[in-house]
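Report on the following structure.
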Amino acid sequence: MFQTEIATQPLTPAASANLGWSPTALSSFLLTHEQTRGKAALLEAVQTRGNEPAPHVHHDSDETFYIIEGKMTFYVAGKTIAAPAGASVFIGRGQEHSFTVDTAAANTLILVTPA
């Protein structure tokens, strides 16, 4: 028989309760690492042109971006990936990456695993 571990809080409060600015985006945490016992974090982030991060590496987690609205270009491990609305981009841990916002702003969902 299988046993499934249940997250500590399967339901989240309104996203606006977790709204805040990071150095590069206005972000709302939809699921936090506390709610998933460190397994994942999910956030909605509005990225704006001119506030993109410098190339960087996450050594302990993967990132998946889903573009809700707008257009972005990702630079992952030496490859260029065009990402219009509806696109998903997976960035594995240890891969140097950055991105540019090709429209005034881009609304994204970002899944971080583990968180």
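Its first residue numbered 8, the sequence shown is counted upward by one per residue in this note's numbering.
For each residue, glycine too, the CB sits at the ideal point set by N, CA and C.
Excluding five sequence neighbours on each side, which residues of the same chain lie with their C-beta closer than 7 angstroms to the C-beta of residue i?
i     : result
Ala47 : Leu38, Leu118, Val119, Thr120, Pro121 and Ala122
Tyr73 : Ser95, Thr115 and Leu116
Gly93 : Ile74
Phe36 : Asn25, Ala48 and Leu50
Which residues in the same chain as residue i place their Cβ atom closer than 6 angstroms to its Cβ, once the five residues preceding and following it in sequence are excluded?
i      : result
Gln102 : Val83 and Ala84
Thr71  : Phe97 and Leu118
Thr110 : Gly77 and Lys78
His65  : Arg100
Sort the options by Cα distance to residue i and report the nearest one.
i      : options                        : result
Asn25  : Glu51, Thr87, Glu70 and Gly45  : Glu51
Glu76  : His66, His65 and Ala90         : Ala90
Thr80  : Gly27, His65, Val64 and Ala112 : Ala112
Ser124 : Glu41, Thr55 and Gln42         : This structure gives no information on residue 124, because the portion of the chain shown stretches from 8 to 122.
Val108 : His63, Val53, Glu41 and Gly27  : Val53
What residues are listed by DSSP as bridge partners for residue i?
i      : result
Val96  : Phe72
Ala78  : It should be noted that the sequence gives Lys, not Ala, for residue 78. Pro91.
Val119 : Ala48 and Glu70
His104 : His63 and Val83
Asn114 : Val53 and Glu76
Could you tell me how far apart the beta carbons of residue i and residue j are, in whole angstroms, since I believe they sit closer than 8 angstroms?
i     : j      : result
Thr31 : Asn58  : 5 angstroms
Asp69 : Arg100 : 5 angstroms
Here's a check: name, in chain order, each residue in its chain whose Cβ is nearer than 8 angstroms to the Cβ of residue i, leaving out the five neighbours to either side.
i     : result
Pro60 : Pro30, Thr31, Ser105 and Phe106
If we cut at 7 angstroms on Cβ distances, does residue i have a partner in chain D?
i     : result
Lys46 : Although the question refers to chain D, the structure presented lacks it and comprises just one protein chain.
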